[in-house]
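**Student:**
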Amino acid sequence: MIAAAALAHDPTTLIRALWLWDPNTILTGKAALIMHGMTAPNTHHVLDFTGITSIEACSLTRHLSRPGITVHRWHIPDRFITYREHIRLTTPEVCVLILAIHGNWDWVCEALRQRLVSPGSCRAARKSLTGRYPKTQVDQALADIALNAWSIPELHMARLLRATGITGHKSNHEIHAGNRIYYLDQAFNAEKLATEIDGRTIHGTIDGYEHTMMRTAHLEQHGWKILHITPTMLRHHPHFVLDWITTHLHIRHKPTRHYTEPQLRHIMTGLDSI
Numbered sequence: 005m006i007a008a009a010a011l012a013h014d015p016t017t018l019i020r021a022l023w024l025w026d027p028n029t030i031l032t033g034k035a036a037l038i039m040h041g042m043t044a045p046n047t048h049h050v051l052d053f054t055g056i057t058s059i060e061a062c063s064l065t066r067h068l069s070r071p072g073i074t075v076h077r078w079h080i081p082d083r084f085i086t087y088r089e090h091i092r093l094t095t096p097e098v099c100v101l102i103l104a105i106h107g108n109w110d111w112v113c114e115a116l117r118q119r120l121v122s123p124g125s126c127r128a129a130r131k132s133l134t135g136r137y138p139k140t141q142v143d144q145a146l147a148d149i150a151l152n153a154w155s156i157p158e159l160h161m162a163r164l165l166r167a168t169g170i171t172g173h174k175s176n177h178e179i180h181a182g183n184r185i186y187y188l189d190q191a192f193n194a195e196k197l198a199t200e201i202d203g204r205t206i207h208g209t210i211d212g213y214e215h216t217m218m219r220t221a222h223l224e225q226h227g228w229k230i231l232h233i234t235p236t237m238l239r240h241h242p243h244f245v246l247d248w249i250t251t252h253l254h255i256r257h258k259p260t261r262h263y264t265e266p267q268l269r270h271i272m273t274g275l276d277s278i
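Everything in the sequence shown is counted per the working numbering, starting at 5 for the first residue and increasing by one.
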């Protein structure tokens, strides 16, 4: 396939070249998620491949490694394959599992936030990777996907709660307050307590700040206590954040395990061996 120099490394060009090379290859990973309709992190439109510098695919009989294209010689069961515009794709769950194993959590969190996948649908897809990755890697990926975090800071918070044994909470849980429905980062229903991770990108704008304040006021009007935590607070002072949350919890939900601040930072990043 011949393409203009400016388009040679464009993801859509690479996908087209891959299809011409072998129509039976199965696109996976980030490019496949975009073709499934996901809006990529830090973009605002569907089918926006900005930031993707390579594509990944699977083939039953062929292997390829070229600049911008990697084809794995993998068997993907038919039930985990779909089609978009004549291109074969792995299901969103397979894409997310692979990205989670490789640590691309911004993409995983975004797929969860946009409800392209759910923790349950990802668990149901684990057999798609049988023999491809060690069982421990798949288990760890699924354990973190089960936290249902919609951003990296939310994932860090959820890992801390899990590691310290804090219970009684649900991630991005739907609650009703008055005549409105809200999704709270972490909702402790028994205590009517919620933690919200507020980053500057969204909550630091004029509209974002006003929306956050009005949202909090409405929730507190209906009996909820909202703890606003910034990503910086969480990174620099995880011990304080956990202590702050704990002061509002019933005894049965309080932490059962305790760690030093350096250990908590390791846990946040997914390094459980401390």
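For every residue, glycine included, the Cβ atom is placed at its ideal position computed from N, Cα and C. Model, not experiment: these values are computed from the prediction.
Applying the 10 Å Cβ sphere with the 16-neighbour rule, what's the burial state of proline 96?
**Tutor:** By the neighbour-count rule (16 or more Cβ atoms within 10 Å), proline 96 is buried.
**Student:** Can you find at least 3 beta carbon pairs, one from the segment 237-245 and one from the segment 207-217, that sit closer than 8 Å?
**Tutor:** No, they do not touch.
**Student:** Compare the beta carbon distance of leucine 18 and leucine 93 with 7 Å and say whether it is the shorter of the two.
**Tutor:** No, these two residues do not count as a Cβ contact at 7 Å.
**Student:** Helix or strand or just coil, what does DSSP make of alanine 8?
**Tutor:** At alanine 8 the pLDDT is 41, less than 50, meaning the model places this residue with poor confidence; the figure from the coordinates comes in the next sentence. The answer is coil: DSSP assigns alanine 8 none of H, G, I, E or B.
**Student:** DSSP has glycine 118 in a bridge; who is on the other side?
**Tutor:** Glycine is not the amino acid found at residue 118; the sequence shown has glutamine there. Glutamine 118 is not bridged to any residue.
**Student:** Output the distance between the C-alpha atoms of histidine 254 and asparagine 193, rounded to the nearest integer angstrom.
**Tutor:** Looking at the two C-alpha atoms, the distance is approximately 11 Å.
**Student:** Would you report the Cα separation of proline 259 and threonine 168, rounded to the nearest angstrom?
**Tutor:** Approximately 5 Å between the Cα atoms of the pair.
**Student:** Between the segment 72-86 and the segment 109-121, do at least 3 Cβ pairs fall closer than 8 Å?
**Tutor:** Taking 8 Å as the limit for Cβ pairs, the verdict is that the segment 109-121 does not touch the segment 72-86.
**Student:** How is the alpha helix (DSSP H) around tyrosine 187 delimited, first residue to last?
**Tutor:** Not the alpha helix (DSSP H): tyrosine 187 falls in the beta strand (DSSP E), residues 184-192.
**Student:** Alpha carbon to alpha carbon, how far is arginine 66 from glutamate 60?
**Tutor:** Their Cα atoms are separated by approximately 13 Å.
**Student:** What residue range does the alpha helix (DSSP H) around leucine 268 cover?
**Tutor:** Element bounds for leucine 268: 265-272.
**Student:** Quick check on the DSSP output: the beta strand (DSSP E) that includes lysine 34 runs from which residue to which?
**Tutor:** From DSSP, lysine 34 is part of no beta strand (DSSP E) but of the alpha helix (DSSP H) over 33-39.
**Student:** What are the start and end residues of each continuous alpha helix (DSSP H) run of 4 or more residues lying completely inside the segment 194-249, in chain order?
**Tutor:** DSSP runs (the alpha helix (DSSP H)) wholly in the segment 194-249: 204-207, 210-225, 235-240.
**Student:** Which term fits leucine 242, buried or exposed, when burial requires 16 or more other beta carbons within 10 angstroms of its beta carbon?
**Tutor:** The amino acid occupying residue 242 in the given sequence is proline; leucine does not appear at that position. Classification for proline 242: buried.
**Student:** If contacts are defined as beta-carbon pairs under 8 Å, then isoleucine 230 and threonine 220 qualify, I think. What distance do you get, rounded to the angstrom?
**Tutor:** Contact flag correct, Cβ pair sits at about 5 Å.
**Student:** Just to confirm the assignment, what range does the alpha helix (DSSP H) spanning serine 125 have?
**Tutor:** Serine 125 -> alpha helix (DSSP H) spans 123-127.
**Student:** Using C-beta distances below 7 Å, list every residue in its chain close to serine 155, excluding the 5 sequence neighbours before and after it, in chain order.
**Tutor:** Cβ within range, chain order: Cys113, Ile201.
**Student:** Count the other CB atoms within 10 Å of the CB of histidine 49; is the residue buried (16 or more) or exposed (fewer)?
**Tutor:** The residue is exposed, with fewer than 16 neighbouring Cβ atoms inside 10 Å.
**Student:** Would the beta-carbon of cysteine 126 fall within 7 Å of that of glycine 33?
**Tutor:** Contact: no.
**Student:** Quick check on lysine 258: does DSSP put it in helix, strand or coil?
**Tutor:** If DSSP states are grouped into helix, strand and coil, lysine 258 belongs with coil.
**Student:** Keeping to the same chain, check which residues put their C-beta closer than 8 Å to that of arginine 88; ignore five residues upstream and five downstream.
**Tutor:** Hits under 8 Å: Met39, His40.
**Student:** Can alanine 36 and proline 15 be called in contact, C-beta distance under 7 Å?
**Tutor:** In this structure, proline 15 does not lie closer than 7 Å to alanine 36 by Cβ.
**Student:** At which residues does the alpha helix (DSSP H) containing arginine 88 begin and terminate?
**Tutor:** It is not in any alpha helix (DSSP H) - arginine 88 instead sits in the beta strand (DSSP E) that spans 85-88.
**Student:** Look at the Cβ atom of isoleucine 149, then the Cβ atom of alanine 198, and state whether they are nearer than 7 Å.
**Tutor:** For isoleucine 149 and alanine 198, no; Cβs fall outside 7 Å.
**Student:** Mapping DSSP to helix, strand and coil, what is leucine 101?
**Tutor:** The answer is helix: DSSP assigns leucine 101 an H, G or I state.
**Student:** Quick one: what's got a C-beta closer than 8 Å to threonine 250's C-beta in the same chain, skipping five residues either side?
**Tutor:** So the list reads Ile170, Lys258, Pro259, once near-sequence residues are dropped.
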